[in-house]
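Asks:
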Amino acid sequence: MIVTRGWRYALRFTALGYLAVLVLMPIAMILYRSFENGILAFWESITTPAAISALNLSLLIVAIVVPVNVIFGILTALALARGRFPGRRLLEAVVDIPFAVSPVVVGVALITLWGVGGWFGTFVENIGIRVIFGIPGMVLATIFVTLPFVVREVEPVLREIGEEQEQAAATLGANAWQTFSRITLPAIRWGLTYGVILTVARALGEFGAVLFVSSGFAGVSQTLTLLVHARYIDDHNTYGAYTAATLLMMLAILTLLLMTVLDRKRSTT
Numbered sequence: 018m019i020v021t022r023g024w025r026y027a028l029r030f031t032a033l034g035y036l037a038v039l040v041l042m043p044i045a046m047i048l049y050r051s052f053e054n055g056i057l058a059f060w061e062s063i064t065t066p067a068a069i070s071a072l073n074l075s076l077l078i079v080a081i082v083v084p085v086n087v088i089f090g091i092l093t094a095l096a097l098a099r100g101r102f103p104g105r106r107l108l109e110a111v112v113d114i115p116f117a118v119s120p121v122v123v124g125v126a127l128i129t130l131w132g133v134g135g136w137f138g139t140f141v142e143n144i145g146i147r148v149i150f151g152i153p154g155m156v157l158a159t160i161f162v163t164l165p166f167v168v169r170e171v172e173p174v175l176r177e178i179g180e181e182q183e184q185a186a187a188t189l190g191a192n193a194w195q196t197f198s199r200i201t202l203p204a205i206r207w208g209l210t211y212g213v214i215l216t217v218a219r220a221l222g223e224f225g226a227v228l229f230v231s232s233g234f235a236g237v238s239q240t241l242t243l244l245v246h247a248r249y250i251d252d253h254n255t256y257g258a259y260t261a262a263t264l265l266m267m268l269a270i271l272t273l274l275l276m277t278v279l280d281r282k283r284s285t286t
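Quick note on our numbering: the sequence shown kicks off at 18 and runs consecutively.
1. Compute the beta-carbon to beta-carbon distance between residue 261 and residue 244, rounded to the nearest angstrom, for a pair I have assumed lies under 8 Å.
2. Tell me the start and end of each unbroken alpha helix (DSSP H) in the region 169-255 that is at least 4 residues and wholly inside, in chain order.
3. For residue 168, which residues from the same chain have a beta carbon less than 6 Å from its beta carbon, with the 5 sequence-adjacent residues on both sides left out?
4. Assuming residue 143 is part of the alpha helix (DSSP H), what are its boundary residues?
5. When you compare the region 176-186 with the region 158-168, are there three or more beta-carbon pairs, one atom per stretch, that lie closer than 8 Å?
6. Kindly indicate the opening and closing residues of the alpha helix (DSSP H) around residue 23.
7. Is it the case that the region 54-74 contacts the region 233-244, given that we only count it when at least three CB pairs across the two stretches are under 8 Å?
8. Can the beta-carbon of residue 75 be found closer than 8 Å to that of residue 221?
9. Note down the Cα distance separating residue 87 from residue 205, rounded to an integer number of angstroms.
10. Entirely within the region 36-85 and at least 4 residues each: give me those alpha helix (DSSP H) ranges in chain order.
11. Can you tell me whether residue 115 is buried or exposed? The criterion is at least 16 other CB atoms within 10 Å of its CB, across all chains shown.
12. Could you round the C-beta distance between residue 56 and residue 155 to whole angstroms and report it? I think they count as a contact, below 8 Å.
13. DSSP on residue 91, reduced to helix/strand/coil?
14. I believe residue 124 touches residue 37 by the beta-carbon criterion, under 8 Å. Please report the beta-carbon distance rounded to the nearest angstrom.
15. Assuming residue 124 is part of the alpha helix (DSSP H), what are its boundary residues?
16. Which of the three DSSP states is assigned to residue 270 in this structure?
17. Just to confirm my understanding: we take residue 120, look at its own chain, exclude 5 residues before and 5 after, and list those with CB closer than 6 Å. What are they?
18. When you compare the CB positions of residue 108 and residue 97, do they come within less than 8 Å of one another, or not?
19. Check for me: the alpha helix (DSSP H) holding residue 114 runs from which residue to which?
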C-alpha cells in the first residue's frame with residue numbers, strides 16, 4: 018500500500034491530536050491548577066500531615082506488594098513455562114483474571130471473604146487482626162490487581178531462553194538453587210525488572226479495590242489516590258485534590274522514566 022505524504026501528515030496530526038485531547042490537555046490542566054498559586058502553596062499542600070501519611074502508606078503498600086509479587090510471580094512463571102501438569106490452562110486463566118475483573122468487584126469479594134461475618138472474617142477478628150478497613154485488606158487488594166505483571170513479563174523470557182542451560186548446569190552437579198541463582202535469574206532479570214516497575218506503577222495508582230477495603234481515615238488507611246478522592250469529593254478542596262494528584266503523577270512519571278532508562282540500558286547490553 019502506497020501512502021502519500023499528505024496522508025502520512027494527516028495520520029500523524031490525527032494521532033497527535035487524539036493523544037493531546039485525551040492525555041496532554043488533562044495533565045496540563047492539572048499542572049496549571051496545582052501551580053497557579055505558586056510553588057510554595059503547592060509545597061504546603063503536599064506536606065500536610067494527611068498528605069505525608071498518605072504518601073508513606075502508598076509507599077509502604079508498594080514495599081510489601083512488590084516482594085510478594087516477585088516471589089510468587091517467578092514461581093508461577095516457572096510453573097507455566099517449565100511445568101506440564103493438569104490444570105495448567107486454568108492457572109493461566111486465573112493469572113489473567115485481574116485484567117478482566119473490575120477492581121470494584123475485587124473490593125466486594127474481599128469484604129465477602131474477610132469482612133465481619135465473611136468466610137474468614139470472624140476468625141481473624143477473634144485473633145485481633147483487622148483485615149477489612151485496615152492495611153492488610155489494602156495490601157490484599159493491591160496484590161490481587163498487580164498479580165499478572167511479573168508473571169506475564171517473566172514467562173515469555175523463560176520460554177525464549179529454553180531449558181538447555183539449566184539442564185547443563187544440573188548435569189554438572191548444580192542443585193536447584195544454584196541453577197536458579199546463577200543461570201535462570203540472570204537470564205530473566207530484564208523481564209523481572211519490567212514486571213516490578215509495572216507493579217509499582219499499578220500499586221501506586223490503585224483506587225477502586227482499595228476504596229472498598231479502606232476506612233479512608235486520614236493518617237490511618239488513606240493512600241494518595243484516596244486522598245485525592247477525599248479532598249475533591251468530601252472536603253470540596255479542589256486545589257488540594259489537584260496538588261495530591263500532581264504528586265501521584267510525579268511518582269508515576271519517575272517510574273516511567275526509570276523504565277525508559279532501563280530499556281535503553283538493555284538495548285546497549
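Cβ atoms here follow ideal geometry from the backbone N, Cα and C, with glycine treated the same way.
Note that the structure is predicted; figures quoted are calculated from it, not measured.
Replies: Looking at the coordinates:
1. If you number the sequence shown from 1, residue 261 lands on position 244. If you number the sequence shown from 1, residue 244 lands on position 227. The Cβ separation is near 5 Å, so the contact holds.
2. 181-188, 193-196, 202-222, 225-230, 241-246
3. Taking the first residue of the sequence shown as 1, we reach residue 168 at position 151. Around residue 168: 90, 93, 94, 112.
4. Looking up residue 143 in the sequence shown gives position 126. Unbroken alpha helix (DSSP H) run through residue 143: 138-143.
5. no
6. The residue you call residue 23 lines up with position 6 of the sequence shown. Residues 22-36.
7. yes
8. Here residue 75 corresponds to residue number 58 of the sequence shown, with the count starting at 1. Here residue 221 corresponds to residue number 204 of the sequence shown, with the count starting at 1. Yes, they are a contact pair.
9. The residue you call residue 87 lines up with position 70 of the sequence shown. The residue you call residue 205 lines up with position 188 of the sequence shown. If I take the Cα positions, the gap works out to 12 Å.
10. 42-52, 56-63
11. Here the question's residue 115 lines up with position 98 in the sequence shown. By the 10 Å Cβ count, residue 115 comes out buried.
12. Position 39 of the sequence shown holds residue 56. Position 138 of the sequence shown holds residue 155. Residue 56 to residue 155, Cβ: 31 Å. No contact.
13. For the purposes of this step, residue 91 is taken as the residue at position 74 of the sequence shown. Three-state DSSP puts residue 91 in a helix.
14. The sequence position of residue 124 within the sequence shown is 107, counting from 1. The sequence position of residue 37 within the sequence shown is 20, counting from 1. Residue 124 to residue 37, Cβ: 34 Å. No contact.
15. Numbered from its first residue, the sequence shown carries residue 124 at position 107. From DSSP, the alpha helix (DSSP H) with residue 124 extends over 120-131.
16. Residue 270 sits at position 253 when you count from the first residue of the sequence shown. Note: residue 270 maps to helix in three-state DSSP.
17. Here residue 120 is taken as the residue at index 103 of the sequence shown, counted from 1. Closer than 6 Å at the Cβ level, and outside the excluded window around residue 120, lie 162, 225, 226.
18. Position 91 of the sequence shown, counted from the start, is the residue given in the question as residue 108. Position 80 of the sequence shown, counted from the start, is the residue given in the question as residue 97. Contact: yes.
19. Here residue 114 corresponds to residue number 97 of the sequence shown, with the count starting at 1. 114-117 is the span of the alpha helix (DSSP H), which, as asked, contains residue 114.
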